[in-house]
Each structure stands twice: as structure tokens, then as C-alpha cells.
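Trainee: Please find one structure pasted underneath; my questions will follow.
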Amino acid sequence: MPDITLIEADGREHAFEAPDGVSLMHAAVGWGVDGLVGECGGGLRCATCHVVVDPAWQERVGPPTAGEAAMLAFTACPAEPGSRLACQVRLGPALQGLVVRLPASQY
1 MPDITLIEAD
11 GREHAFEAPD
21 GVSLMHAAVG
31 WGVDGLVGEC
41 GGGLRCATCH
51 VVVDPAWQER
61 VGPPTAGEAA
71 MLAFTACPAE
81 PGSRLACQVR
91 LGPALQGLVV
101 RLPASQY
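Those letters in the sequence shown? Residues 1 to 107, by the UniProt record's numbering.
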């Protein structure tokens, strides 16, 4: 069960566990993390689950797919290196200890 740290734009940290195979978005929403909306429920249609993967984790998480990269063009805060949609990041043992941060806004 991966341990995840999600840092909000104001610096507040949320540490939580998530079962293998779930998306980062579903895990964060399930733990009640503010600032990660996931309006479309993980359907890759809204870009309201934008996160920025910590540089130390970017290689392990991997780059966005072509469809995800297209959606990142519509995020409220500009995409940057390490930007991903949390609905597209599947958690598993390789992401134990993952650190991501939220942009200032999802809208």
C-alpha cells in the first residue's frame, strides 16, 4: 500500500495510504484532500486533478500519455515539468513514498 504525500499550494501536507491499482485522484479524494477536485470522476475530461510530481519522482511516475498531455493544455494553472493528471497516475509498490504538489487552483 503506497504512502503518498500531497502538498497543497499553501504548503499544507497530506500524508495518506492508498491501495495498489487505484488512481492518485481517487485516493486523494477518498482521503478528503482539498484542492484536488476530479470533477469528471477520473474520465480524462476535465483537468481538475492537476498535480505536479516532485522532481525526484518524475522518472518513476513517467510522462503523460498523448491524451493526458492534450488535457494538460486546459489546466487552470499552466502545466509545468512534472505536471500530470492525478486520474491517470496508477499507484503501486514502485510509487511508495510518492510526493506531489497541487497548483494554486484547479479552476
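Backbone N, C-alpha and C define an ideal beta-carbon position, used for all residues, glycine too.
Could you tell me the alpha carbon to alpha carbon distance between residue 100 and residue 18, rounded to whole angstroms?
Mentor: The residue given as residue 100 occupies position 100 in the sequence shown. The residue given as residue 18 occupies position 18 in the sequence shown. Between residue 100 and residue 18, the C-alpha separation is close to 14 Å.
Trainee: Does the region 77 to 91 come close enough to the region 18 to 34 that 3 or more CB-CB pairs lie under 8 Å?
Mentor: yes
Trainee: Just the C-alpha distance for residue 97 and residue 38, rounded to the nearest angstrom, thanks.
Mentor: Taking the sequence shown and counting its residues from 1, the one referred to as residue 97 is at position 97. Taking the sequence shown and counting its residues from 1, the one referred to as residue 38 is at position 38. So the alpha carbons of these two residues sit roughly 22 Å apart.
Trainee: What is the DSSP secondary structure of residue 80, reduced to helix, strand or coil?
Mentor: Looking up residue 80 in the sequence shown gives position 80. Of the three classes helix, strand and coil, the one that applies to residue 80 here is coil, per DSSP.
Trainee: Tell me the rounded alpha-carbon separation between residue 36 and residue 102.
Mentor: Against the sequence shown, residue 36 aligns to sequence position 36. Against the sequence shown, residue 102 aligns to sequence position 102. Answer to the nearest angstrom: the Cα atoms are 7 Å apart.
Trainee: Whose CA, out of 93, 106, 104, 14, lies closest to the CA of residue 2?
Mentor: As a position in the sequence shown, residue 2 is number 2, starting the count at 1. In this structure, 93 is the residue among 93, 106, 104, 14 with its C-alpha nearest to the C-alpha of residue 2.
Trainee: Indicate the three-state DSSP secondary structure (helix, strand or coil) for residue 17 in the structure shown.
Mentor: Here the question's residue 17 lines up with position 17 in the sequence shown. Residue 17 falls in the strand class under three-state DSSP.
Trainee: Of all the options 51, 105, 74, 107, which has the alpha carbon lying nearest to the alpha carbon of residue 82?
Mentor: The residue labelled residue 82 in the question sits at position 82 within the sequence shown. It is 51.
Trainee: Between which two residues does the beta strand (DSSP E) harbouring residue 100 extend?
Mentor: Translated into positions along the sequence shown, residue 100 becomes position 100. Element bounds for residue 100: 99 to 101.
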